[in-house]
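Shown next, in C-alpha coordinates, is the structure this report addresses.
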Amino acid sequence: MAASVLAFGRAEPGVEYRDRPCAFGIAGKDGMIACVRVERGDRSYIDLPGGAVDGDETEAEALAREFLEETGLRVRGIACIGRTAQVFRRSTGEPLRNLSGVWTAEVLGQAPQFKIEVDHELVWMPPLEALIQVRHEAHAWAIALWLRSDESRLA
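For the sequence shown, our numbering begins at 1 and goes up steadily by one.
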(Lines of atoms letter the chains of each structure in order from A and count residues from 1; the text may use other names and numbers.)
(Lines give C-alpha, C1' and ligand atoms only; values in the text may rest on other atoms or scores of the structure.)
Protein backbone atom coordinates (compact mmCIF):
# COMPACT_ATOMS: atom_id res chain seq x y z
CA MET A 1 0.00 0.00 0.00
CA ALA A 2 1.44 3.36 -1.04
CA ALA A 3 1.74 6.15 1.54
CA SER A 4 -0.72 9.02 1.20
CA VAL A 5 0.62 12.23 -0.28
CA LEU A 6 -0.42 15.46 1.41
CA ALA A 7 -0.78 18.45 -0.92
CA PHE A 8 0.41 21.93 0.07
CA GLY A 9 0.40 25.35 -1.57
CA ARG A 10 -2.10 26.96 -3.91
CA ALA A 11 -1.78 26.21 -7.59
CA GLU A 12 -2.34 29.25 -9.79
CA PRO A 13 -5.14 28.69 -12.30
CA GLY A 14 -3.82 27.95 -15.78
CA VAL A 15 -0.23 27.40 -14.61
CA GLU A 16 1.42 24.06 -15.32
CA TYR A 17 3.71 22.88 -12.51
CA ARG A 18 6.65 20.62 -13.31
CA ASP A 19 6.80 17.57 -11.03
CA ARG A 20 10.17 17.24 -9.29
CA PRO A 21 10.95 14.17 -7.14
CA CYS A 22 12.70 15.34 -3.96
CA ALA A 23 13.90 14.31 -0.54
CA PHE A 24 14.11 16.60 2.49
CA GLY A 25 15.32 15.79 5.97
CA ILE A 26 15.08 16.62 9.63
CA ALA A 27 18.29 16.12 11.58
CA GLY A 28 18.30 17.01 15.26
CA LYS A 29 21.14 17.81 17.66
CA ASP A 30 21.04 19.24 21.19
CA GLY A 31 17.37 20.19 20.88
CA MET A 32 17.86 21.99 17.56
CA ILE A 33 17.23 20.96 13.94
CA ALA A 34 19.39 21.60 10.89
CA CYS A 35 17.93 24.13 8.45
CA VAL A 36 19.37 26.10 5.57
CA ARG A 37 19.10 29.83 5.08
CA VAL A 38 19.06 30.47 1.35
CA GLU A 39 20.34 33.93 0.48
CA ARG A 40 18.19 35.68 -2.11
CA GLY A 41 18.51 39.29 -0.93
CA ASP A 42 15.08 40.56 0.16
CA ARG A 43 13.59 37.16 -0.84
CA SER A 44 15.85 35.01 1.40
CA TYR A 45 14.19 32.05 3.11
CA ILE A 46 14.61 29.09 5.47
CA ASP A 47 14.20 25.51 4.22
CA LEU A 48 14.81 22.03 5.46
CA PRO A 49 17.96 20.64 3.82
CA GLY A 50 17.28 18.56 0.74
CA GLY A 51 16.29 18.80 -2.88
CA ALA A 52 15.86 16.98 -6.15
CA VAL A 53 16.47 13.28 -6.65
CA ASP A 54 18.98 12.99 -9.52
CA GLY A 55 19.00 10.16 -12.05
CA ASP A 56 18.83 6.71 -10.47
CA GLU A 57 19.38 7.94 -6.90
CA THR A 58 17.19 6.67 -4.12
CA GLU A 59 15.59 9.27 -1.87
CA ALA A 60 18.02 8.35 0.91
CA GLU A 61 20.99 8.87 -1.45
CA ALA A 62 19.60 12.21 -2.66
CA LEU A 63 19.04 13.29 0.95
CA ALA A 64 22.64 12.51 1.88
CA ARG A 65 24.02 14.29 -1.22
CA GLU A 66 21.82 17.36 -0.79
CA PHE A 67 22.67 17.69 2.92
CA LEU A 68 26.38 17.53 2.06
CA GLU A 69 26.13 20.05 -0.79
CA GLU A 70 23.98 22.51 1.17
CA THR A 71 25.36 22.22 4.72
CA GLY A 72 28.64 20.29 4.69
CA LEU A 73 27.06 17.68 6.99
CA ARG A 74 27.27 13.97 6.30
CA VAL A 75 23.93 12.36 7.13
CA ARG A 76 22.21 9.02 6.84
CA GLY A 77 18.50 8.85 6.13
CA ILE A 78 16.78 6.85 8.86
CA ALA A 79 13.11 6.70 7.87
CA CYS A 80 10.68 8.41 5.52
CA ILE A 81 8.04 9.93 7.80
CA GLY A 82 5.75 11.34 5.13
CA ARG A 83 5.11 12.20 1.51
CA THR A 84 4.17 15.66 0.31
CA ALA A 85 3.38 17.58 -2.87
CA GLN A 86 4.24 21.28 -2.55
CA VAL A 87 3.40 23.68 -5.39
CA PHE A 88 5.41 26.88 -5.52
CA ARG A 89 7.46 29.11 -7.77
CA ARG A 90 11.23 28.99 -7.59
CA SER A 91 13.06 32.27 -7.11
CA THR A 92 13.55 32.16 -10.92
CA GLY A 93 9.76 32.13 -11.35
CA GLU A 94 9.61 28.51 -12.54
CA PRO A 95 6.46 26.74 -11.27
CA LEU A 96 7.33 23.45 -9.53
CA ARG A 97 5.58 20.69 -7.63
CA ASN A 98 8.04 19.08 -5.23
CA LEU A 99 6.97 15.46 -4.79
CA SER A 100 8.92 14.78 -1.63
CA GLY A 101 9.77 12.09 0.80
CA VAL A 102 10.46 13.73 4.16
CA TRP A 103 13.07 11.81 6.14
CA THR A 104 14.51 11.73 9.60
CA ALA A 105 18.28 11.87 9.37
CA GLU A 106 21.25 11.06 11.57
CA VAL A 107 24.26 13.40 11.46
CA LEU A 108 27.40 11.32 10.93
CA GLY A 109 29.94 14.14 10.80
CA GLN A 110 31.11 17.23 8.99
CA ALA A 111 32.76 17.52 5.57
CA PRO A 112 32.78 21.26 4.80
CA GLN A 113 34.95 20.74 1.72
CA PHE A 114 31.92 19.20 -0.04
CA LYS A 115 29.56 22.12 0.61
CA ILE A 116 29.08 23.61 -2.85
CA GLU A 117 25.84 25.59 -2.50
CA VAL A 118 27.41 28.97 -1.73
CA ASP A 119 24.05 30.68 -1.18
CA HIS A 120 23.01 28.08 1.45
CA GLU A 121 24.03 28.48 5.09
CA LEU A 122 23.55 25.82 7.77
CA VAL A 123 21.56 27.19 10.71
CA TRP A 124 20.62 25.16 13.78
CA MET A 125 17.21 26.28 14.95
CA PRO A 126 14.82 25.41 17.76
CA PRO A 127 12.15 23.25 16.06
CA LEU A 128 9.27 25.60 16.91
CA GLU A 129 11.14 28.57 15.43
CA ALA A 130 11.92 26.52 12.31
CA LEU A 131 8.27 25.48 12.05
CA ILE A 132 7.28 29.16 11.92
CA GLN A 133 10.06 30.30 9.57
CA VAL A 134 10.33 27.61 6.87
CA ARG A 135 9.04 28.79 3.52
CA HIS A 136 7.09 25.67 2.54
CA GLU A 137 3.94 24.51 4.32
CA ALA A 138 5.06 20.92 3.62
CA HIS A 139 8.22 21.53 5.66
CA ALA A 140 6.24 23.05 8.55
CA TRP A 141 3.93 20.01 8.53
CA ALA A 142 6.96 17.67 8.59
CA ILE A 143 8.51 19.51 11.54
CA ALA A 144 5.21 19.34 13.45
CA LEU A 145 4.95 15.60 12.72
CA TRP A 146 8.56 15.10 13.85
CA LEU A 147 7.95 17.09 17.06
CA ARG A 148 5.10 14.74 17.95
CA SER A 149 7.30 11.66 17.40
CA ASP A 150 9.53 9.80 19.82
CA GLU A 151 12.47 10.62 17.51
CA SER A 152 12.37 14.31 18.45
CA ARG A 153 13.01 13.39 22.08
CA LEU A 154 16.28 11.71 21.05
CA ALA A 155 17.67 14.77 19.23
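Here a beta-carbon is modelled for each residue, glycine too, at the ideal position from N, C-alpha and C.
As the structure is a prediction and not an experimental result, all values here were calculated from the model.
How should residue i be labelled, buried or exposed, when 16 other C-beta atoms within 10 angstroms of its C-beta is the threshold for buried?
{"i": "Gln-113", "result": "exposed"}
{"i": "Glu-39", "result": "exposed"}
{"i": "Pro-127", "result": "buried"}
{"i": "Thr-84", "result": "buried"}
{"i": "Thr-58", "result": "exposed"}
{"i": "Val-36", "result": "buried"}
{"i": "Ala-7", "result": "exposed"}
CB residue i to CB residue j, shorter than 8 Å?
{"i": "Glu-70", "j": "His-120", "result": "yes"}
{"i": "Leu-73", "j": "Val-102", "result": "no"}
{"i": "Gly-228", "j": "Gln-86", "result": "Because the chain in this structure spans residues 1 to 155, residue 228 falls outside the shown range and cannot be described."}
{"i": "Asp-19", "j": "Leu-147", "result": "no"}
{"i": "Ala-111", "j": "Phe-67", "result": "no"}
{"i": "Ala-62", "j": "Ala-52", "result": "yes"}
{"i": "Ser-4", "j": "Arg-43", "result": "no"}
By Cβ distance below 6 Å, which residues in the same chain neighbour residue i in space, the five residues on each side in sequence not counted?
{"i": "Pro-95", "result": "Val-15, Tyr-17, Arg-89"}
{"i": "Ala-64", "result": "Val-75"}
{"i": "Glu-117", "result": "Glu-69, Glu-70"}
{"i": "Ala-130", "result": "Ile-33, Cys-35, Ile-143"}
Mind reading off the beta-carbon distance from residue i to residue j? Whole number of angstroms is fine, and I expect it under 8 Å.
{"i": "Cys-22", "j": "Gly-50", "result": "6 Å"}
{"i": "Ile-46", "j": "Val-134", "result": "5 Å"}
{"i": "Asp-81", "j": "Ala-142", "result": "The residue you asked about is not Asp; residue 81 is Ile in the sequence shown. With a Cβ gap of about 7 Å, Ile-81 and Ala-142 count as contacting."}
Spatial neighbours of residue i within its chain, please: CB distance less than 7 Å, with the 5 preceding and 5 following residues excluded, ordered by chain position.
{"i": "Ala-34", "result": "Ala-27, Pro-49, Thr-71, Leu-73, Leu-122, Trp-124"}
{"i": "His-139", "result": "Phe-24, Asp-47, Leu-48"}
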